[in-house]
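Participant: Going line by line, the protein sequences match chains A and B. So in numbering that gives the first Met the number 0, spot 208 of the first sequence is number 207, and the numbers just go up one at a time. So in numbering that gives the first Met the number 0, spot 234 of the second sequence is number 233, and the numbers just go up one at a time. In this text, a Cβ means the ideal position worked out from N, Cα and C, and glycines have one as well.
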Amino acid sequence: MSEINYKKIGLKAGLEIHQQLDTQEKLFCSCSTAMQEKEPIAVIMRKQHPVASELGEIDIAAQHEYLRDRTFYYQVFKNETCLVELDEEPPHEMNREALNLALQIALLLNCQIPDEIEVMRKTVIDGSNPSSFQRTMVVGLNGFFNYKGKKIEIKSVSLEEDAAAIVSEEKGKVTYRLNRLGVPLVEISTGILSNFTPEEIEDIAYQIGMICRSTGKVKKGIGAIRQDLNVSIKGGERSEIKGVQELGLLSKVIENEVKRQLSLIEIKAELRKKGVKKINFKPIEVNKFLQDSNCRILRAVVETGGKVFALKLPCFAGYLKREIFPGKTLGRELAEFVQIFGVEEIIHSDEDLSKYKVEADFKKIREFLKAKDEDAIILVGEPKTNGKVSEELLKKINRILEVGVEKETRSVDEQGITRFTRPLPGAARLYPETDIKPVLIEREFLEKIKKELPEPWTKKYERFKKKFGLSDELAKPLLESKYFELFEKIMEKYKVSPAIVANTFVNILKDLQRREKVDVDRITENHFSQLFDALAKKEIVKEAIPEILKYLANYPGETVQNVVKELNLRPISTAELKKIAEEVIAQPGLTYEKAVGIVMSQVRGRIEAQTVMEVVKKLMKK
Amino acid sequence: MYFPEIESLLKSKKISVGDRVRITKGKLSYEGLLMPRIALGDPATLVIKLDNGYNIGIKFEKGIQLKLLKKGKPIKFKPAVYKPRKDETKPTVSILGCGGTIASRVEYTTGAVFPAFSPGDLLLSFPEIEETANIKARKLFDLFSEDMTPSHWQIIAREVEKEVKAKTDGIVLMHGTDTLHYTSAALSFMLQDLPVPVILVGAQRSSDRGSSDNAMNLICSVLAAGKADIAEVSVCMHGSMSDDFCFLHQGTKVRKLHTSRRDAFQSVNALPYAKIWYQERKIEYLRNDYKKRGARSLKVDDKINPNVALIQIYPGIKPEFIESLSKYFEGVVLAGTGLGHVPVNPSQEKLAISILPAIKNLINSGIPVVIAPQTIFGRLNLNVYSTGRLLDEAGVIGNGCDWLPETAFVKLAWVLGHTKDMKKVKEMMLTNYAGEISKRVER
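1) Show which residues of chain A have a CB atom less than 7 Å away from the CB atom of B/Asn54.
2) I'd like the list of long-range same chain contacts for B/Lys423, defined as Cβ closer than 7 Å, with 5 residues on each side in sequence excluded.
3) Anyone know if the C-beta pair for B/Tyr277 and B/Phe244 falls short of 8 Å?
4) Alpha carbon to alpha carbon, what distance is there between A/Ala101 and B/Lys58?
5) Using beta-carbon positions only, say whether B/Gly339 and B/Ile375 come within less than 8 Å of one another.
6) May I ask which residues mark the beginning and end of the alpha helix (DSSP H) holding A/Phe367?
7) Ignoring anything shorter than 4 residues, give me the alpha helix (DSSP H) runs that lie fully in the stretch 202-238 of chain B, in order along the chain.
8) Does the CB of B/Ala214 have a neighbour CB from chain A at under 8 Å?
9) Listed from N- to C-terminal order along the chain, which residues in the stretch 254-283 of chain B have their beta-carbon within a distance smaller than 7 Å of any beta-carbon of chain A?
10) Would you say the stretch 30-45 of chain A touches the stretch 187-205 of chain A, given that touching needs at least three Cβ pairs under 8 Å?
11) For the beta strand (DSSP E) containing B/Asp391, list its first residue and its last residue.
12) Any idea which residues DSSP pairs B/Glu283 with across the strands?
13) Can you tell me which of the three DSSP states A/Val275 falls into?
14) In angstroms with no decimal places, state the Cα-to-Cα distance between B/Val307 and B/Ile362.
15) In the DSSP assignment, what are the bridge partners of B/Ile22?
16) Under 8 Å between the Cβ atoms of B/Ile170 and B/Ile198?
17) For A/Ile124, which residues in chain B fall below 7 Å Cβ to Cβ?
18) For the alpha helix (DSSP H) holding A/Ser157, just list the boundary residues, first then last.
19) Note down the Cα distance separating A/Leu478 from A/Tyr460, rounded to an integer number of angstroms.
20) Output, in chain order, the set of chain A residues within a Cβ distance shorter than 8 Å of B/Thr44.
21) Do A/His17 and A/Arg225 have their C-beta atoms closer together than 8 Å?
22) Could you check if A/Leu319 is buried or exposed, using at least 16 other CB atoms within 10 Å of its CB as the buried criterion?
23) Could you tell me whether the stretch 160-179 of chain B touches the stretch 137-144 of chain B, where touching means 3 or more Cβ pairs closer than 8 Å?
24) B/Gln453: which of B/Ala357, B/Ala156, B/Asp120 and B/Ile282 sits nearest, CA to CA?
25) In the structure shown, what three-state DSSP assignment does B/Tyr313 receive?
26) Quick check on DSSP: helix, strand or coil for B/Val114?
27) I'd like to know whether the C-beta atoms of A/Ser188 and A/Glu15 end up nearer to each other than 8 Å.
28) Quick one: is B/Leu222 near chain A, going by C-beta distance under 8 Å?
29) Indicate the three-state DSSP secondary structure (helix, strand or coil) for A/Asn4 in the structure shown.
30) With C-beta atoms as the reference, is B/Leu45 less than 8 Å away from A/Lys436?
31) Using DSSP with H/G/I as helix, E/B as strand and the rest coil, what is A/Pro424?
32) Round the Cβ separation of A/Thr22 and A/Glu96 to the nearest angstrom and send it over; I've been treating them as touching at under 8 Å.
33) Are B/Ala230 and B/Pro271 touching if we call contact CB-CB under 8 Å?
34) With distance defined between alpha-carbon atoms, name the residue in B/Glu322, B/His417 and B/Pro342 nearest to B/Gly387.
35) A/Glu87 CB to nearest chain B CB: under 8 Å?
36) With distance defined between alpha-carbon atoms, name the residue in A/Lys149, A/Ile210 and A/Ile153 nearest to A/Phe143.
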């Protein structure tokens, strides 16, 4: 696809940013928010049951459908889970540290603060909260911030409990870990962002994240900040994409969703041109053609008393294998739709039929259905649902023909590929949390918070860069990492080059982690202090840093001094270097690069690389 | 309720809860539906529901402006229609509501919870109960169980009698959890020769939430009431923190032992009658010493004298306090320490006191004194220490018993409904009517 003109296609987006707060305790109990425990100490099993509202039967039938065959398993962690998370004890008083942080963020975003904060219960039936609701409250409304001269509308800022994190799901058994449940979360919702490109929208999300970081008390790392987005284009529909964990994927996700919507609109238009407006051909049971099938999947359905249904889609040949966005064909999209009804797979005529060994079966079925070459066939294996799923699939295809794109909720994976998610029955309900007293925000209290607002991150960033003379490549990631406070401490204490320290935190640690799988979290603040103290005193050279850190990560009980001795990293003088270099270049036939290489291998970590290169060069000139 | 000033302003502008309003304070204005003021909030703050569903509070101050934008539609509950079914292959279970929000309908806009007692409402919320039985349901009264009195136990007993006469196969009593074990003990004494199970059930977690223990507890109770062989008064509640099984506890040997956990109810000095496995809908019997279902004539003996005190013994308790009990009570249960002790100060230590003379005075004036363990678990034994021996000699009733303080309290009230004769009172108290005294305890 050629470059998309996002303005022309009327791209509209809405962001909902969820940022975890780094408080001592959880929002409604005194558990730790560290989320460090690895092994659960217990697992509790629960079922959930529909609740009748004023709507009566309609509403409850839908919930029943969803909950009846689902069992939830909740993992309990020492210090990080208590009876409150297990819904075995009413919530405790609201964590004031969290409330103050949320108010700070709301004020940094120029919101109006209500006079009284009312805590609400938001119903949740996917099991991610054992209480079957999430506690949430609005702390700021009608805010804004400036982005490239435009005003970005902030509709609301809310404070809420984070949900339990899913551990696994299989055949109606869902396991959650409860340590994340109850961690305070600030949710920031923007207004509709129009006339921005996907990159700009990603940048806006980044800015909001950094405003939160100004408080100095937000969690960092994977999962600490999650983005939900709404995306729509002219002629399309609003789709809600939940759970983008990596900010860097946001623009890609938006681009893909735009492509998906454009593709569906295009497909609808093309098929219309071919005269296909609605498919009336009902799904037909075709078990009799599959008795001798070589396809394991289909035969299994037939042999266990299930039914295989065939859909004939006129003029659809080739459309099912069309990519609606990179990484997803229309056929795959339909297969994922059908999965929410519990059917595992569909097989369609655009696929490589030999892979499933169904060429013969398809031939027979095509004849039976009197399908033309331009028609596509989809086979749906229904072990228990007797044609209901095929009906739903046909309805879905007809909806594509009718409207192209429809409103839906999608989830996203680590590569930024979205998929249709199960639609939760009914809109989420919000009703008062009667176990928690509403909180009056007294004027004096609000004034005090306003006075103590932290430095906005943009100012902090500029000040940081100027003070330490750091480039953007070092300053930006440093400010975003969890090491920047430590960086400031180190710079206060030791006379070392800011660039070297920054580079250590930003690049060296990342390399050790990625390339050598070193567990850098085991390196303590103390270790870093010793390290830079040694550097300042010239007891080591900067080249020794990676090796020392790697050793400390593996043996965290050691001191830097011991490691230097153990690994023989005492710096050598230029004289000592000369001696070693002279011996090396005495060997005949060495190139400069080779000579440097050999010398380096002998003196690595004990003298600047620059010096080695210079000395060898000088000696070889002679 | 809002402050009277606010209420009258609302009235004058013909604004009621559910109406769409605009509130303006200086430069700020908010639009939303007016919500009721719930008990815990500041009555001088107006609560509105914004379009995004969230509620916020706006302080009522000088200069505030209130405008009615649109009248709200009165929220009506779609009535749950009850289609009576009679499946001849299934037993009939009568469900009587005494309170507790085991079943309710929630009006989500305001968050109001309305208890549901009609068969239609129960079946709307818990259609599963019809899997195991035909249901008859009605409300007796709707009280927090902490507000119940011995008169209510009598009402319940008589209503149970009505159902038994109408040939029901089992009875489920929906009840608040706070004093559920008092009621179960009372009914154990009052309902003699039960032909069918009578099962008390409640919910620890409020029923507005899908995670409430109400569904499982009720479904297990109905299953047990219709199918279990246990023609006794029992309590059916969660057996663990998971939704795996309920216990069917003996009515005189059960107590609420946690403020909030689902498995708050535990059998004390006894095993439960059975485990009711929830998802499997299976009854696993743990004992066989109960009256089995059978053709029997239920006898209701609901005579009771409510003028009984249940007193916790504690260090420094004043003898005058014990003396004063004679003014108001006709029977006293003391929850004694350890093996059943109270301060008697046999060595006449200077700083210590004795309430033994006060106890003797009560007994001599015709007020029976019963001892029970404040440790809850364990058996009383007044033979081991001099304290106990002095109490036993004085005529305190309870040596060798392992009854719960609450059960002893209920029993004394019931016994005093029959006789005031001290000898007869002692005889009846030491007779095992409903398993309240067990001969042996294995754990």
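Facilitator: On the basis of the data shown:
1) Glu117, Met119 and Pro431
2) none
3) yes
4) 21 Å
5) no
6) Glu358 to Leu368
7) 213-226
8) yes
9) Ser259, Arg260 and Arg261
10) no
11) Segment Ser385 to Ala393 is the alpha helix (DSSP H) holding B/Asp391; no beta strand (DSSP E) there.
12) B/Lys274
13) coil
14) 14 Å
15) B/Tyr29 and B/Leu65
16) yes
17) Gly209
18) Here A/Ser157 belongs to no alpha helix (DSSP H); instead the beta strand (DSSP E) covers Lys149 to Glu160.
19) 7 Å
20) Asp114, Glu115, Pro437 and Leu439
21) yes
22) buried
23) yes
24) No information on residue 453 of chain B is available, as it lies outside the stretch 0 to 442 that chain B covers here.
25) coil
26) A quick correction: the sequence has Pro, not Val, at residue 114 of chain B. Looking at B/Pro114 - three-state DSSP - the assignment turns out to be strand.
27) yes
28) no
29) coil
30) no
31) The pLDDT assigned to A/Pro424 is 47, lower than 50, so where the model puts this residue is not dependable; a value taken from the coordinates is nonetheless given after this. In the structure shown, A/Pro424 sits in coil (DSSP, three-state: anything other than H, G, I, E or B).
32) 5 Å
33) no
34) B/Pro342
35) yes
36) A/Ile153
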